[in-house]
DNA sequence: GCGATATAATTAGCTTAGCTAACTAATTGT
DNA sequence: ACAATTAGTTAGCTAAGCTAATTATATCGC
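Chains as they are written, first to last, in my numbering: chain W, 3 to 145; chain B, 3 to 145.
Here it is in structure tokens:
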């Protein structure tokens, strides 16, 4: 491997990810939910019920910030808070079915344009995207 | 192509991008610049000097918001505002060399861990990432 | 078993980042 | 030349971030 090759690939992947999300974000206005709230809801939907602390860590935000976001999601009927049976200091936060539906609709809206573009690619290119996504997911899990 | 294949790939790419950026963001604390400011600075560094309006559009933010962010970047010595010679209503905003250096350092910090992970991949996997990044950049440019 | 310490969440109060509306100044068009 | 448009800023509001302090529960050492 040439010196700097990995770095160059990292830079391109980084830049591509930034631009992709910037672009997809444009359709989020239709969801009627702010970015921090929909992001937190997404963690709840895909990561399952969790405590406030875990959710705050996942969102890289402090506990008081998440406490408020969750209170607002709850007020909108998108999430629930239930006292933990084993540790009564803690709360289990979960997405409601309404929350799941709203988030899923928003996600689909985001993916419409990208899906169309991917349909128009050559089979080889589609396969490259799929492989790369899988590799990245693995790297992200590593740490 | 099977029905839904493109959608599945879109979903995986989307998820991978979200998780990647979430992870890389952790090293940004060291930069001492808030996320909106470093993002705006990044657009200036990589996109070159531009007007307030253009910068606001790139960041998907309204003009008054960007006006304030730019004022703060300027106060920190990271950007300059120069009246446009041809249209004296407009300002050309540019990153200073200090701004470029700060942003580049932050970007390098972000890429350190990812670069190491990519170095550890098989050559074939590295190539898949590179191809995918190029394909995505192209799709992003399309719209 | 009980006091000290630690942990989970919330509340209070501040700063930063977003918005719209209103304003100033310059440009364009008729 | 003057009406309409456009670029940017200012004012003033809400949302989202933070730290410090508080409350309630768990855990630890004795």
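Cβ atoms here follow ideal geometry from the backbone N, Cα and C, with glycine treated the same way.
Within chain B, the residues that residue 47 (chain W) reaches when beta carbons sit closer than 8 Å = In the first chain, counting from the first residue as 1, residue 47 (chain W) sits at position 45. Simply none; closest approach about 12 Å.
From residue 98 (chain W) to residue 128 (chain B), what does the alpha carbon distance come to, in whole angstroms?
-> Here residue 98 (chain W) refers to the residue found at position 96 when the first chain is read from its first residue. Here residue 128 (chain B) refers to the residue found at position 126 when the second chain is read from its first residue. Take the alpha-carbon of residue 98 (chain W) and the one of residue 128 (chain B): they are about 40 Å apart.
Just to confirm, are residue 117 (chain B) and residue 96 (chain B) a CB contact at a threshold of 8 Å?
-> Numbered from 1 along the second chain, position 115 holds the residue referred to as residue 117 (chain B). Numbered from 1 along the second chain, position 94 holds the residue referred to as residue 96 (chain B). Not a contact, by the Cβ cut-off of 8 Å.
Should residue 117 (chain B) be flagged as near chain W, meaning a C-beta pair shorter than 8 Å?
-> As a working note, residue 117 (chain B) is residue 115 in the second chain. So yes, residue 117 (chain B) belongs to the interface.
Under 8 Å between beta-carbons, which chain W residues line up against residue 133 (chain B)? List them in chain order, please.
-> Within the second chain, numbered from 1, the residue matching residue 133 (chain B) stands at position 131. Around residue 133 (chain B), the beta-carbon contacts reaching into chain W at under 8 Å are 127, 130 and 134.
Under a three-way DSSP split, which group does residue 87 (chain W) fall into?
-> Within the first chain, residue 87 (chain W) is the residue found at index 85, counting from 1. Secondary structure at residue 87 (chain W): coil, using DSSP grouped into helix, strand and coil.
Compare the C-alpha of residue 141 (chain B) against each of W:125, W:120 and W:141 and name the closest.
-> On the second chain, position 139 is the one that residue 141 (chain B) refers to. Taking only the C-alpha atoms, the option nearest residue 141 (chain B) is W:120.
Given that residue 28 (chain W) touches chain B, what residues does it touch there, using C-beta distances under 9 Å?
-> Position 26 of the first chain, counting from 1, holds the residue named residue 28 (chain W). The answer, in chain order, is 62.
So what does DSSP say about residue 98 (chain W), is it helix, strand or coil?
-> By 1-based counting over the first chain, the position of residue 98 (chain W) is 96. Collapsing the DSSP output to three states places residue 98 (chain W) in coil.
Checking contacts by CB at 8 Å: is residue 137 (chain B) closer than that to chain W?
-> Residue numbering aside, residue 137 (chain B) sits at position 135 when the second chain is read from its first letter. Nearest CB-CB separation between residue 137 (chain B) and chain W: below the 8 Å threshold.
Pull up the CB-CB distance for residue 19 (chain B) and residue 105 (chain W), whole angstroms please, since I reckon it's below 8 Å.
-> On the second chain, residue 19 (chain B) is found 17 positions in, with the first residue counted as 1. On the first chain, residue 105 (chain W) is found 103 positions in, with the first residue counted as 1. Wrong, their Cβ atoms sit about 17 Å apart, outside the cutoff.
Check residue 114 (chain W) in the structure and name its three-state DSSP category.
-> For this step, residue 114 (chain W) is matched to residue 112 along the first chain. In this structure, residue 114 (chain W) counts as helix in the three-state DSSP scheme.
Do the CB positions of residue 51 (chain W) and residue 94 (chain W) come within less than 8 Å of each other?
-> On the first chain, residue 51 (chain W) is found 49 positions in, with the first residue counted as 1. On the first chain, residue 94 (chain W) is found 92 positions in, with the first residue counted as 1. Yes, the pair counts as a contact, with Cβ atoms nearer than the cut-off.
Does any CB atom of chain B fall closer than 8 Å to the CB of residue 111 (chain W)?
-> For this step, residue 111 (chain W) is matched to residue 109 along the first chain. Not one chain B Cβ lies under 8 Å of residue 111 (chain W).
Own chain partners of residue 111 (chain B) with C-beta closer than 7 Å, once the 5 adjacent residues on each side are dropped = Residue numbering aside, residue 111 (chain B) sits at position 109 when the second chain is read from its first letter. Answer for residue 111 (chain B): 29 and 32, listed in chain order.
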